[in-house]
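Okay, structure first, notes after.
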Ligand SMILES: Cc1cc2nc3c(=O)[nH]c(=O)nc-3n(C[C@H](O)[C@H](O)[C@H](O)COP(=O)(O)OP(=O)(O)OC[C@H]3O[C@@H](n4cnc5c(N)ncnc54)[C@H](O)[C@@H]3O)c2cc1C
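In my numbering, the protein residues as written are 693 to 1000.
Laid out in structure tokens, this is it:
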């Protein structure tokens, strides 16, 4: 690619947003690992996302949409192409419907924590399970984030996305196919926003639930270290963390990556871990669990880039 031409064009296409080049990604990922990306784009509105996607497609430059980087492990060799950060799209609107129903319309870059804070302020019930999940709206919808037996799909009304061809599209929940920690979307779609259907509730009940969840997370999760949440999906009938703990793998370390002593389904960065260390630990766990229990563990985290 002619870097100068790409730079000039993208900067012209994004008057409100920002474009940077050769950006190191370890400062963004919650794990604190990752090499450089060729291009990093910060659009400020949907129009800029549309223009960006059209240009990148025309130039055949691969792209990766990201939100809060809390479910991503970027390899040390980085990402060849353009990372599109949706963080600039962060509007949230609330509208009351009939019989106590309330719709929250949020842009992709808004954080789940902002929606939980709004729920607390307005005494809305439905989103308490998102307490402590550090994702963005776009990332949470893409991952069908969940906890405590509830998932994003349970409160979702519609999503707005930009298709691969650059078309804006609104889709209702009924026409979407969700699975455990995933939403099946046409390739290269970018979620620009979503609407959630909540209900007016009891302020104290919402507060108590949120406080209880926060406390349980502080007690169980190794939040004192950089991490990416649960590394593996739970296989049917048994939490992945319990299997890993039973196999005596808590505390196992490769470089500065360690299977958390506190919660076996977390890998923590003790300081200077590399992506290659984390991925080696993931492989070690997968092989051990398969060998000893015959169970195929599947990563929940997304691994971006190629191994070196
Ligand atoms: C401490 C901690 C606790 C966690 N607890 C939970 C939990 O309880 N439950 C749970 O489900 N997860 C949990 N997670 C994982 C993570 O927070 C969720 O998966 C979250 O929804 C990811 O959102 P994000 O914005 O960080 O996504 P990112 O990490 O930025 O991206 C994740 C994936 O979504 C895609 N994506 C992001 N934005 C868009 C978009 N706008 N359009 C299309 N694709 C997009 C990315 O390409 C990537 O494939 C936890 C993580 C941490 C660090």
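C-beta: ideal position from N, C-alpha, C; glycine also.
Quick one: grab the DSSP three-state call for residue 891.
Counting from 1 along the chain shown, the entry for residue 891 is found at position 199. Three-state DSSP puts residue 891 in a strand.
What's the gap between the Cα of residue 992 and the Cα of residue 765?
By one-based count along the chain shown, residue 992 stands at place 300. By one-based count along the chain shown, residue 765 stands at place 73. Computed Cα separation, rounded: 11 Å.
In the DSSP assignment, the alpha helix (DSSP H) including residue 970 goes from what residue to what residue?
For this step, residue 970 is matched to residue 278 along the chain shown. Membership of residue 970 in the alpha helix (DSSP H) is indicated by the continuous run 967-985.
To the nearest angstrom, report how far apart residue 708 and residue 741 are at their CA atoms.
Taking the first residue of the chain shown as 1, we reach residue 708 at position 16. Taking the first residue of the chain shown as 1, we reach residue 741 at position 49. Cα to Cα, the separation comes out at about 11 Å.
Give me the Cα-Cα distance between residue 935 and residue 981, rounded to the nearest whole angstrom.
For the purposes of this step, residue 935 is identified with residue 243 of the chain shown, where counting begins at 1. For the purposes of this step, residue 981 is identified with residue 289 of the chain shown, where counting begins at 1. Rounded to whole angstroms, residue 935 to residue 981 spans 7 Å at the Cα level.
I need the straight-line Cα distance from residue 912 to residue 720, nearest angstrom please.
For the purposes of this step, residue 912 is taken as residue 220 along the chain shown, with counting starting at 1. For the purposes of this step, residue 720 is taken as residue 28 along the chain shown, with counting starting at 1. Looking at the two C-alpha atoms, the distance is approximately 24 Å.
Based on Cα-Cα distance, which residue from 998, 975, 769 and 809 lies nearest to residue 989?
By one-based count along the chain shown, residue 989 stands at place 297. The candidate whose alpha carbon is nearest that of residue 989 is 975.
Check whether the segment 817-828 touches the segment 861-878, taking contact to mean three or more Cβ pairs, one atom from each stretch, closer than 8 Å.
no
Spatial neighbours of residue 895 within its chain, please: CB distance less than 6 Å, with the 5 preceding and 5 following residues excluded, ordered by chain position.
Sequence index remark: in the chain shown, residue 895 carries index 203 (1-based). Cβ neighbours of residue 895 beyond the five flanking positions: 815.
Opposite residue 734 in the DSSP bridges: which residues?
As a position in the chain shown, residue 734 is number 42, starting the count at 1. Residue 734 is bridged to 710.
I'd like to confirm something about residue 873: is its beta-carbon nearer than 8 Å to some heavy atom of ligand 1, or not?
Indexing the chain shown from 1 puts residue 873 at position 181. Under cutoff, so the answer is yes.
What are the complete alpha helix (DSSP H) segments, minimum 4 residues, inside the segment 798-836?
Correct list: 804-814 and 829-835.
What residue range is occupied by the uninterrupted alpha helix (DSSP H) comprising residue 705?
Taking the chain shown and counting its residues from 1, the one referred to as residue 705 is at position 13. Run containing residue 705: 695-705, per the alpha helix (DSSP H) assignment.
State the CB to CB distance for the pair residue 700 and residue 714, rounded to an integer number of angstroms; the pair is presumed to be in contact (CB under 8 Å).
For the purposes of this step, residue 700 is identified with residue 8 of the chain shown, where counting begins at 1. For the purposes of this step, residue 714 is identified with residue 22 of the chain shown, where counting begins at 1. Contact flag wrong, Cβ pair sits at about 16 Å.
With C-beta atoms as the reference, is residue 702 less than 9 Å away from residue 711?
Against the chain shown, residue 702 aligns to sequence position 10. Against the chain shown, residue 711 aligns to sequence position 19. Yes.
Sorted by chain position, which residues of the same chain lie with C-beta nearer than 6 Å to residue 802's C-beta, five sequence neighbours on each side aside?
Along the chain shown, one-based indexing puts residue 802 at 110. Once the five neighbours on either side are set aside, the close Cβ partners of residue 802 are 782, 784 and 829.
Going by the C-beta, is residue 828 closer than 8 Å to any heavy atom of ligand 1?
Walking along the chain shown from the start, residue 828 turns up at place 136. Indeed, a heavy atom of ligand 1 lies less than 8 Å from the Cβ.
Residue 865: beta carbon under 8 Å from a heavy atom of ligand 2?
This structure lacks ligand 2; its bound ligands are ligand 1.
Per DSSP, residue 864 is paired with what?
Numbered from its first residue, the chain shown carries residue 864 at position 172. 850, per the DSSP bridge assignment.
To the nearest angstrom, how far is it from the Cα of residue 867 to the Cα of residue 849?
Residue 867 sits at position 175 when you count from the first residue of the chain shown. Residue 849 sits at position 157 when you count from the first residue of the chain shown. Each residue's Cα considered, the two are about 11 Å apart.
Go ahead and pull the three-state DSSP assignment for residue 881.
The residue you call residue 881 lines up with position 189 of the chain shown. Residue state, collapsed to three classes: coil.
Is the beta carbon of residue 760 within less than 8 Å of some heavy atom of ligand 1?
Mapped onto the chain shown, residue 760 falls at position 68. Yes, ligand 1 has a heavy atom inside 8 Å of this Cβ.
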